[in-house]
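A quick write-up on the structure given underneath.
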Ligand code: NAI
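In my numbering, the protein residues as written are 7 to 302.
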């Protein structure tokens with residue numbers, strides 16, 4: 007049982023990250039069941055994945071046949087009860103501890119395999135907070151993928167004080183051997199490795215814009231041309247989603263009470279205004295078709 011290869015994966019949420027995780031699993035020949043709250047959201051999630059698969063074909067990363075097979079391996083449901091036979095579930099819903107905890111509590115009752123991996127893709131919420139929502143915290147682990155999932159090769163694996171070693175081994179083997187990702191291990195504190203370093207930097211860039219210290223274009227240009235970053239901090243904030251960046255900052259602030267993690271008012275106002283970045287069509291920049299930048 008413990009060495010049984012993971013072939014049936016569940017993904018909860020088909021937003022930016024859930025869609026990406028479902029896509030890489032389907033491309034790795036795994037049976038994937040995706041949960042979305044409604045049929046409309048499921049249809050939008052499927053369309054998002056198909057667009058990404060099409061991009062894979064047009065850029066020569068996958069063949070037409072691989073695209074078709076991956077699409078065929080993807081099924082959608084709005085009933086979490088359908089996840090009973092899943093060997094690995096990756097939760098990728100909104101960065102909200104209450105919403106995630108409720109999902110873990112429900113999932114724990116549904117998934118029967120005692121060695122099943124119940125993973126969260128949370129960017130910042132300590133995994134133990136989700137583990138204690140279940141009766142079996144040894145099954146709960148963090149598997150933090152990076153955006154865009156089909157492109158970026160890393161998974162941060164976050165084990166808690168209670169995560170079982172079999173579960174950790176299964177999760178690591180799946181990420182490395184099945185998905186072909188590089189795995190780094192992090193202890194369980196808000197932000198893990200990547201966001202503990204990245205988010206204060208993004209917030210600092212937003213504070214620079216807020217204070218009028220420099221323009222958004224000059225800030226991004228500085229980091230791209232001067233520091234060889236692939237994109238500047240404000241473009242990256244748009245890509246991640248301002249709502250998600252704010253939620254990550256909030257949970258890191260709650261954990262550490264450090265001013266450098268507190269969300270600046272400009273970020274809060276933009277989230278309230280619905281200017282949450284690329285996925286909404288506008289953030290620090292504007293986007294056509296939620297993709298291409300049309301105004302800088
Ligand atoms: P998103 O906004 O694109 O998608 C959010 C998903 O949550 C959607 O599927 C939505 O239907 C679902 N959802 C919202 N409220 C819900 C509720 N009450 N019950 C059930 N489902 C609900 O967000 P994104 O970016 O995909 O983020 C998802 C998770 O991935 C978050 O935990 C985030 O911190 C994490 N993450 C995000 C990254 C990024 O660059 N955007 C990178 C790595 C992790």
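Where a beta carbon is used, it is the ideal one built from N, C-alpha and C, also for glycine.
Hey, quick one: how far does the beta strand (DSSP E) through residue i stretch, first residue to last?
{"i": "residue 163", "result": "160–164"}
{"i": "residue 124", "result": "123–126"}
{"i": "residue 13", "result": "Note, residue 13: premise wrong, no beta strand (DSSP E); not H, not E."}
{"i": "residue 192", "result": "188–192"}
For residue i, which three-state DSSP category applies?
{"i": "residue 80", "result": "strand"}
{"i": "residue 94", "result": "strand"}
{"i": "residue 237", "result": "coil"}
{"i": "residue 293", "result": "strand"}
{"i": "residue 215", "result": "helix"}
{"i": "residue 66", "result": "coil"}
{"i": "residue 199", "result": "coil"}
{"i": "residue 288", "result": "strand"}
Suppose the cutoff is 8 Å on Cβ atoms and the five residues either side in sequence are ignored; what does the same chain contact list for residue i look like?
{"i": "residue 140", "result": "110, 111, 113, 114, 124, 146"}
Since residue i is in the alpha helix (DSSP H), which residue starts that stretch and which ends it?
{"i": "residue 110", "result": "103–116"}
{"i": "residue 39", "result": "That residue, residue 39, is in no alpha helix (DSSP H); its beta strand (DSSP E) goes 37–41."}
{"i": "residue 27", "result": "22–33"}
{"i": "residue 171", "result": "171–179"}
{"i": "residue 275", "result": "271–278"}
{"i": "residue 262", "result": "248–262"}
{"i": "residue 134", "result": "133–137"}
Would you say the beta carbon of residue i is closer than 8 Å to some non-hydrogen atom of ligand 1?
{"i": "residue 101", "result": "yes"}
{"i": "residue 147", "result": "no"}
{"i": "residue 94", "result": "no"}
{"i": "residue 241", "result": "no"}
{"i": "residue 285", "result": "yes"}
{"i": "residue 274", "result": "no"}
{"i": "residue 106", "result": "yes"}
{"i": "residue 75", "result": "no"}
{"i": "residue 249", "result": "yes"}
{"i": "residue 246", "result": "yes"}
{"i": "residue 98", "result": "yes"}
{"i": "residue 129", "result": "yes"}
{"i": "residue 269", "result": "no"}
{"i": "residue 212", "result": "no"}
What does a CB cutoff of less than 6 Å around residue i pick up in its chain, not counting 5 residues either side in sequence?
{"i": "residue 130", "result": "196, 197, 201, 254, 257, 258"}
{"i": "residue 160", "result": "152, 188"}
{"i": "residue 281", "result": "288, 289"}
{"i": "residue 143", "result": "137, 168"}
{"i": "residue 250", "result": "101"}
Taking only beta-carbon atoms, is residue i less than 9 Å away from chain B?
{"i": "residue 14", "result": "Looking at the structure shown, chain B is missing, and only one protein chain is on hand."}
Kindly list the residues whose CB is nearer than 7 Å to the CB of residue i, restricted to its own chain and excluding five residues on each side of it in sequence; keep chain order.
{"i": "residue 88", "result": "39"}
For ligand 3, any of its heavy atoms closer than 8 Å to the Cβ of residue i?
{"i": "residue 188", "result": "With respect to ligand 3, the structure shown offers nothing to examine, as its ligands consist of ligand 1."}
Requested in this report: Indicate whether the contact test is met: 3 or more Cβ pairs, each with one atom in the region 194–212 and one in the region 256–275, closer than 8 Å.
Outcome: Under the Cβ criterion (8 Å, minimum of three pairs), the region 194–212 counts as touching the region 256–275.
**Report entry** Stretch pair the region 190–199 + the region 36–44: three plus CB contacts closer than 8 Å
**Finding:** No, the region 190–199 does not touch the region 36–44.
Report task. Pair every Cβ in the region 63–72 with every Cβ in the region 16–26, then say whether three or more of these pairs are closer than 8 Å. Result -> With the rule of 3 Cβ pairs closer than 8 Å, the region 63–72 does not count as touching the region 16–26.
Report task. Indicate whether the contact test is met: 3 or more Cβ pairs, each with one atom in the region 217–236 and one in the region 275–286, closer than 8 Å. Result -> As far as the Cβ criterion goes, the region 217–236 does not touch the region 275–286, which means the pair count is below three.
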